[in-house]
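Undergrad: Just passing along the structure, written as structure tokens.
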Amino acid sequence: MPTWEEAIQKLRGELIAQNNIDPAHIRDIRPLCRLSDHEALITKKLDTHVAIQLSLSDDITAARIIRDGVVAHSEYCRASSYRPRTRAAAAPRSPTLTVS
Numbered sequence: 187m188p189t190w191e192e193a194i195q196k197l198r199g200e201l202i203a204q205n206n207i208d209p210a211h212i213r214d215i216r217p218l219c220r221l222s223d224h225e226a227l228i229t230k231k232l233d234t235h236v237a238i239q240l241s242l243s244d245d246i247t248a249a250r251i252i253r254d255g256v257v258a259h260s261e262y263c264r265a266s267s268y269r270p271r272t273r274a275a276a277a278p279r280s281p282t283l284t285v286s
């Protein structure tokens, strides 16, 4: 069974290859779910979709992804700007991708 880090690296590679994203523009990729759900998601014990926060350093790429969405795991996924619950000074634009 892959580790969570390996699963994220695989997703990162798919996003770069299938969506023309420059790897240098990816700051972070993380799931927006409980830490306790990570193993269940990897092993497909949870039949659900999970929101993924994709933090980008390039506004043009972020705008394109928000406008067009992305392909992840061979499925089209919509994207939207992530708005953190707490107010953060100068929060980076972070499209949130819904992937299975």
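According to my numbering, the sequence shown is numbered sequentially starting from 187.
Where is the CB? At the ideal position from N, CA and C, for every residue including glycine.
Note that this is a predicted model, so its numbers are computed, not measured.
1. What residue range is occupied by the uninterrupted alpha helix (DSSP H) comprising LEU197?
2. Hey, quick one: how far does the beta strand (DSSP E) through ARG264 stretch, first residue to last?
3. Helix, strand or coil for ARG220 per DSSP?
4. On a Cα-Cα basis, can you pick out the residue from THR189, TYR262, ILE194, LEU201 that is closest to THR247?
5. Helix, strand or coil: how does DSSP classify SER244 here?
6. What's the gap between the Cα of SER286 and the Cα of ASP245?
7. Compare the C-alpha of HIS192 against each of ALA237, SER266, CYS263, ARG216 and name the closest.
8. Can you tell me which of VAL257, SER260, HIS259, LEU242 puts its alpha carbon nearest to the alpha carbon of SER267?
TA: To lay it out plainly:
1. 190–205
2. Per DSSP, ARG264 belongs to no beta strand (DSSP E) and is neither H nor E.
3. coil
4. LEU201
5. The amino acid at residue 244 is misidentified as Ser; the sequence shows Asp. Coil, per DSSP.
6. Only weak support exists for where SER286 lies, its pLDDT of 39 falling under 50; the value from the coordinates is given anyway. Taking the Cα positions, SER286 is about 25 Å away from ASP245.
7. The question names His, yet the displayed sequence has Glu at residue 192. Out of ALA237, SER266, CYS263, ARG216, ARG216 has the C-alpha closest to the C-alpha of GLU192.
8. The option with the nearest alpha carbon to SER267 is LEU242.
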